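Visitor: Residue numbers (the working numbering): 2 to 472.
In structure tokens form, the structure reads like this:
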């Protein structure tokens, strides 16, 4: 039986063209349907995208960070353990959500809950429009050339896995080398271990400098060779707070013809990230670290690189046509978004992008640099404290990971919680880094845009009290 001409399914809506909304008349529905295939073909070979126009909303009347925006975050006003005001210093793990984001989630679920890129009814059209508008907001946030360069993923981990398993398994083989650093989050180590095991490629690891505990750039220069196919590094460390010199890294990587992937999970929330000037081929980030919901992140990739990547997962909506003996695939980003996506979460992440954009990423970075320096100074004055990573002027994040001589990090965080103070303890998904530093765990205080110097003072005062009690 000849099965080549039997189509099983095909996507009915344009990959990422906005639907005609609102659809108020059957003729408009028919016209929209007739125009879909033409737009779809155009997306299969997309023309050079016009640059997105950055949002300028809020630039003239930006609000004061810290105390000035705390009213936007309902969770911050609760009391813990009866009479302890919550002081949330675990933003490196996840940030809190402003009312704007909570309202965006509620509006979708209560007002236009429907699947996207499928139906042409009113709710489906509105949901699809909001979903694709969120993609455009993320594109503007990182200054992408086009929203087609933004792939929605469940989180940054999934985005990094997408590159490792799609690009990596298609382009790596025996004799090839992948370079990561000892400072990577597990999500930028384990996928490359898996890919290297599957392809026969070799995984090489950059050490830290001994003085400032930054990724060793001289070691990178020495390690790069014609065997290097990709360099995958964390832009801002979630444990050390250190920031990469991406200009240098991109230049050295290009000299050997290798690709560059940056984990920007801790960068996007805290500073301006411009993908057109970074020199990277991909960046990965997650929404819940910049005031968005959990369950949603994104991969940005250069359009020409995404076009060359095969699908990672198969299913509905990532195809052009399905036959019984083969399938053809949609262009990016649809190719990498099989099945029903996290629609509410994507819309919420778009609202979060609006929120931090209106506050101003330069404004956020400046505020956090001052607050992080204050935290570093106050924490350094506590007897027995060791802070890991470079000094504040070399950090891209206000976080401080630390230990206290003779006290386990988990005990510290437990007793601080009794006082309403939330910090992280453990290895922060960086076990190799902790082993490299000769420790098993650390505590981490990570402030964000709504934290204040007063909260830092309270945290350090309570830390001193806890240490007096434990010793």
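Positions of the beta carbon are idealized from the N, C-alpha and C atoms, including for glycine.
All values derive from a computational prediction rather than experimental measurement.
Determine, using beta carbons only, whether residue 399 and residue 356 come nearer to each other than 9 Å.
Guide: No; because the gap between Cβ atoms is not below 9 Å, this pair is not in contact.
Visitor: Grab the span of the beta strand (DSSP E) containing residue 330 for me, first residue to last.
Guide: Run containing residue 330: 328-330, per the beta strand (DSSP E) assignment.
Visitor: Quick one: any contact between the stretch 110-125 and the stretch 356-368, if contact means 3 or more CB pairs under 8 Å?
Guide: No contact exists between the stretch 110-125 and the stretch 356-368.
Visitor: If you pair each beta-carbon of the stretch 347-361 with each one of the stretch 252-265, do three or more pairs fall below 8 Å?
Guide: Counting Cβ pairs under 8 Å, fewer than three are found: no touch.
Visitor: Tell me whether residue 403 is buried or exposed, calling it buried when 16 or more other Cβ atoms sit within 10 Å of its Cβ.
Guide: That one is buried.
Visitor: Alpha carbon to alpha carbon, how far is residue 424 from residue 172?
Guide: The alpha-carbon atoms of residue 424 and residue 172 are separated by roughly 41 Å.
Visitor: Assuming residue 280 and residue 248 are in contact, meaning their beta carbons sit under 8 Å apart, how far apart are those beta carbons, in whole angstroms?
Guide: About 7 Å separates the two Cβ atoms, so the contact holds.
Visitor: Is the stretch 228-242 in contact with the stretch 183-196, if contact means three or more CB pairs nearer than 8 Å?
Guide: Touching, per the Cβ criterion.
Visitor: Going by DSSP, what residue range makes up the alpha helix (DSSP H) through residue 438?
Guide: Start and end: 432-438.
Visitor: How long is the line joining the alpha carbons of residue 419 and residue 440, rounded to whole angstroms?
Guide: Each residue's Cα considered, the two are about 25 Å apart.
Visitor: So, helix, strand or coil for residue 73, using DSSP?
Guide: Looking at residue 73 - three-state DSSP - the assignment turns out to be helix.
Visitor: Measure the C-alpha to C-alpha separation of residue 338 and residue 471 and round it to an integer number of angstroms.
Guide: Distance between the alpha carbons of residue 338 and residue 471: 51 Å.
Visitor: Considering only the alpha carbon of each residue, which of 133, 221 and 265 lies closest to residue 237?
Guide: Nearest of 133, 221 and 265 to residue 237, Cα basis: 265.
Visitor: Please indicate yes or no: does the CB of residue 399 lie closer than 8 Å to some heavy atom of the ligand NAP?
Guide: Ligands in the displayed structure: none, and consequently the ligand NAP is not present.
Visitor: Report the residue from 107, 149, 216 and 438 whose alpha carbon sits nearest the alpha carbon of residue 306.
Guide: Residue 149 is the option with its Cα nearest to residue 306.
Visitor: Determine the DSSP secondary structure at residue 470, reduced to helix, strand or coil.
Guide: Helix, per DSSP.
Visitor: To the nearest angstrom, how far is the alpha carbon of residue 401 from that of residue 388?
Guide: Each residue's Cα considered, the two are about 7 Å apart.
Visitor: For residue 327, count neighbouring Cβ atoms within 10 angstroms of its own Cβ and tell me buried if that reaches 16, exposed if not.
Guide: Looking at its Cβ environment, which holds fewer than 16 other Cβ atoms inside 10 Å, residue 327 is exposed.
Visitor: Within its chain, find whatever has a CB closer than 7 Å to the CB of residue 386; leave out the 5 residues flanking it on each side and keep chain order.
Guide: The answer, listed in chain order, is 380, 403 and 405.
Visitor: At 3 residues or longer, and completely inside the stretch 295-361: list those beta strand (DSSP E) runs for me, N to C.
Guide: Listed in chain order, the complete beta strand (DSSP E) runs (minimum 3 residues) inside the stretch 295-361 are 298-302, 320-323 and 328-330.
Visitor: Would residue 417 and residue 467 be called neighbours here (beta carbons separated by less than 9 Å)?
Guide: A contact, by the Cβ cut-off of 9 Å.
Visitor: Mind checking who residue 423 pairs with in its DSSP beta bridge?
Guide: Bridge partners of residue 423: 89.
Visitor: Once you ignore the five residues that flank residue 164 on each side, which residues in its own chain have a CB closer than 6 Å to its CB?
Guide: Correct list, in chain order: 262 and 283.
Visitor: Can you name, in chain order, every residue of its own chain whose Cβ lies under 7 Å from the Cβ of residue 89, other than the five neighbours on each side?
Guide: If we look at residue 89 and ignore the five residues flanking it on each side, its Cβ neighbours are 77, 97 and 423.
Visitor: With three or more beta-carbon pairs closer than 8 Å as the criterion, would you say the stretch 341-350 touches the stretch 117-131?
Guide: The stretch 341-350, when compared against the stretch 117-131, does touch it at the 8 Å Cβ threshold.
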